[in-house]
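In our numbering, the protein residues as written are 456 to 742. Note that beta-carbon positions come from the ideal geometry of N, C-alpha and C, so glycine has one too.
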């Protein structure tokens with residue numbers, strides 16, 4: 456029986472008629488201004504590179520001139536035109552200036568990727584309140600501050616994309632990451648709330664939840680031991696991941712382009728986990 460379920464979509468002869476444009480074109484980002492916070496290296500750099508390949512104009516921030524100069528050299532070496540700015544995304548006044556400068560130089564922000572983040576691996580009973588607050592400030596308060604700064608421009612233009620870099624710790628807990636898990640769990644809910652408040656303005660806010668990604672931040676967890684053996688955590692993660700490997704920043708590029716593009720215009724308030732299957736996997740039965 457041919458089911459025409461109008462609850463899940465328009466009829467074949469109804470609203471969809473005349474809307475079947477080239478799907479590949481819907482992934483293009485030509486002329487869109489994309490701000491990637493913390494886009495100097497690692498996940499942020501890979502996402503910025505992906506958006507640039509799809510046609511976006513890239514802006515990013517660093518906290519200091521040295522890192523900014525290094526990042527600009529890396530972008531140039533990869534053939535990517537990017538505009539870098541010095542700004543602390545936890546500082547509301549600096550963020551307001553950052554967004555104003557981007558608007559003056561490149562135009563209003565169409566795509567925001569809240570990528571800047573830190574982690575402090577400290578057992579909870581040994582973690583100071585100041586360390587906890589710093590992690591929450593960078594990983595949760597900063598996305599709130601930067602989103603708040605770009606949203607008026609998105610509302611005025613009648614469209615916008617916000618991508619929050621969440622984590623598997625948006626869903627799971629683990630020893631030594633109390634601050635990080637608390638912040639990333641909050642970021643998941645901030646994602647849903649931005650969706651709820653601004654969806655009517657044609658603004659989509661979604662998250663990407665990376666699995667364990669091989670970056671400088673996770674390098675200590677992958678170091679070879681003195682006897683040449685793999686780090687115990689490295690072995691643990693590979694055993695817990697159906698893909699049997701760590702992810703790479705490049706593994707996140709497709710998800711970022713999708714969520715930044717018109718191809719995802721009816722996707723809102725979601726977190727796309729790019730984790731090699733780890734969240735779906737209970738693990739092997741002990742032999």
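Buried or exposed by the 16-neighbour rule on C-beta atoms within 10 Å, applied to residue i
i: residue 595; result: buried
i: residue 713; result: buried
i: residue 739; result: exposed
i: residue 520; result: exposed
i: residue 708; result: buried
i: residue 472; result: A caution first: residue 472 carries a pLDDT of 46, below 50, which makes its placement in the model unreliable, though a value can still be read off. So residue 472 ends up on the exposed side.
i: residue 476; result: exposed
i: residue 488; result: buried
Contact under 9 Å by Cβ, residue i with residue j
i: residue 484; j: residue 554; result: no
i: residue 724; j: residue 661; result: yes
i: residue 669; j: residue 704; result: yes
i: residue 620; j: residue 568; result: yes
i: residue 573; j: residue 589; result: yes
i: residue 566; j: residue 495; result: no
i: residue 551; j: residue 537; result: no
Beta bridge counterpart(s) of residue i as assigned by DSSP
i: residue 490; result: 514, 567
i: residue 664; result: 728
i: residue 658; result: 615
i: residue 541; result: 517
i: residue 683; result: Partner(s): none; residue 683 has no beta bridge.
i: residue 702; result: 668
CA-to-CA distance, residue j to residue i, given in whole angstroms
i: residue 637; j: residue 650; result: 20 Å
i: residue 634; j: residue 624; result: 10 Å
i: residue 710; j: residue 729; result: 8 Å
i: residue 546; j: residue 608; result: 19 Å
i: residue 694; j: residue 664; result: 19 Å
i: residue 579; j: residue 486; result: 46 Å
i: residue 616; j: residue 492; result: 14 Å
i: residue 564; j: residue 612; result: 10 Å
Residue i CB to nearest heavy atom of the ligand MG below 8 Å
i: residue 576; result: Although the ligand MG was asked about, the structure shown includes no ligands whatsoever.
Below-9 Å beta-carbon distance, residue i vs any chain B residue
i: residue 582; result: In the structure shown, chain B cannot be found, because there is only a single protein chain.
- Message: Going residue by residue through the stretch 494-539, where are the continuous alpha helix (DSSP H) segments of at least 4 residues, counting only ones entirely within it?
- Response: Taking only runs of at least 4 residues, the alpha helix (DSSP H) segments lying wholly in the stretch 494-539 are 497-508, 520-532.
- For the stretch 555-636, list the beta strand (DSSP E) runs that are entirely contained and at least 3 residues long, ordered along the chain. You should have 566-569, 615-620.
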